[in-house]
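Report on the following structure.
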Amino acid sequence: MKIKQKYSFSIIVMMMLVFVSCSKTESYSDLLKKEQKASNWFLAQQRVCNEIPADSVFQVGPDAPYYRMDDDGYVYMQVIKVGDREIPKSGATVYFTFSRYNIETMYNNNTLDIAPEASNQDNFITSIGNTYFIFNNYSVSSSANYGSGIQVPLSYLGYNSEVNIVLKSYYGFSTENTTCIPYLVNVRYFKAEY
373 MKIKQKYSFS IIVMMMLVFV SCSKTESYSD LLKKEQKASN WFLAQQRVCN EIPADSVFQV
433 GPDAPYYRMD DDGYVYMQVI KVGDREIPKS GATVYFTFSR YNIETMYNNN TLDIAPEASN
493 QDNFITSIGN TYFIFNNYSV SSSANYGSGI QVPLSYLGYN SEVNIVLKSY YGFSTENTTC
553 IPYLVNVRYF KAEY
């Protein structure tokens with residue numbers, strides 16, 4: 373009889389632990405909803421165009437709209453500087469500098485004015501040799517690490533361009549794919565000089 377009681381008590385304790393542990397963690401679906409809410413909050417404060425201009429002539433500058441770059445709304449681009457319009461060929465090495473801002477932090481603090489979470493723009497001379505990707509080749513780690521979203525603008529703009537990109541985690545840096553945090557990333561692109 374005591375064995376049955378101990379066994380029943382053990383089952384009850386285990387069920388309570390499972391219930392408590394499940395209730396403290398957010399599901400992936402919950403994280404995606406939070407990401408969507410923060411992204412929507414940020415974009416609601418911007419001008420947004422849901423289509424890329426047919427002639428690919430984007431409005432330019434700090435007041436330019438954010439263009440939705442994919443059907444699912446994972447990437448939005450604001451063109452700060454057009455650059456030289458020389459679009460990289462597939463397989464080209466593209467150097468870039470970036471500053472990355474956490475949109476969820478902006479949302480939680482109800483402000484757009486936050487410090488970058490990560491940046492290599494202050495150390496331009498040394499970082500440009502270290503931060504690069506191979507355009508349209510995600511099989512190499514130098515490209516896969518930064519996600520596919522950071523390369524999207526280069527299908528429309530060339531070297532020496534500068535953009536702000538709203539990146540949801542699905543297209544973002546590989547280290548943040550499972551955290552479901554959207555980022556605003558300021559990026560400048562440069563041609564590799566051989």
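Quick note on the numbering used here: the sequence shown kicks off at 373 and runs consecutively. The beta carbon of each residue, even a glycine, is placed where N, CA and C say it ideally should be. Source: prediction; values computed, not measured.
Spatial neighbours of residue i within its chain, please: C-beta separation below 6 Å, excluding the five flanking residues on both sides.
i	result
residue 419	437
residue 403	552
residue 512	506
residue 448	438, 440, 538
Can you give me the start and stop residues for the alpha helix (DSSP H) that residue i sits inside?
i	result
residue 478	475 to 481
residue 407	400 to 416
residue 511	Careful: residue 511 lies outside any alpha helix (DSSP H) and carries neither H nor E.
Between residue i and residue j, how many whole angstroms is the CB-CB distance? I'm expecting something under 8 Å.
i	j	result
residue 406	residue 476	7 Å
residue 523	residue 502	In fact, because the Cβ distance is near 17 Å, the residues do not count as touching under 8 Å.
residue 469	residue 492	5 Å
Restricting to Cα atoms, I'd like to know which of the options is closest to residue i.
i	options	result
residue 539	556, 546, 525	556
residue 560	512, 504, 517	504
residue 483	416, 429, 455, 469	416
residue 456	558, 435, 526	526
residue 450	444, 529, 398	529
residue 490	558, 564, 398	558
residue 564	471, 534, 463, 517	463
Between residue i and the rest of its own chain, which residues show a CB-CB distance below 8 Å, the 5 nearest in sequence each way excluded?
i	result
residue 479	409, 410, 413, 414
residue 519	539, 543, 544, 545, 546, 549
residue 432	451, 452, 453, 454
residue 486	473, 474, 477, 478
What do you reckon, are the CB atoms on residue i and residue j nearer than 8 Å?
i	j	result
residue 452	residue 536	yes
residue 473	residue 488	yes
residue 424	residue 439	yes
residue 446	residue 521	yes
For residue i, report the span of its beta strand (DSSP E) as first-last.
i	result
residue 545	Counting along the chain, residue 545 falls outside any beta strand (DSSP E), and DSSP gives it neither H nor E.
residue 538	534 to 539
residue 452	447 to 453
residue 440	438 to 440
residue 526	Residue 526 -> no beta strand (DSSP E), and no H or E assigned at all.
Only counting the same chain, and skipping five residues up and downstream in sequence, which positions put a Cβ closer than 7 Å to that of residue i?
i	result
residue 515	505, 506, 509
residue 434	452
residue 422	440
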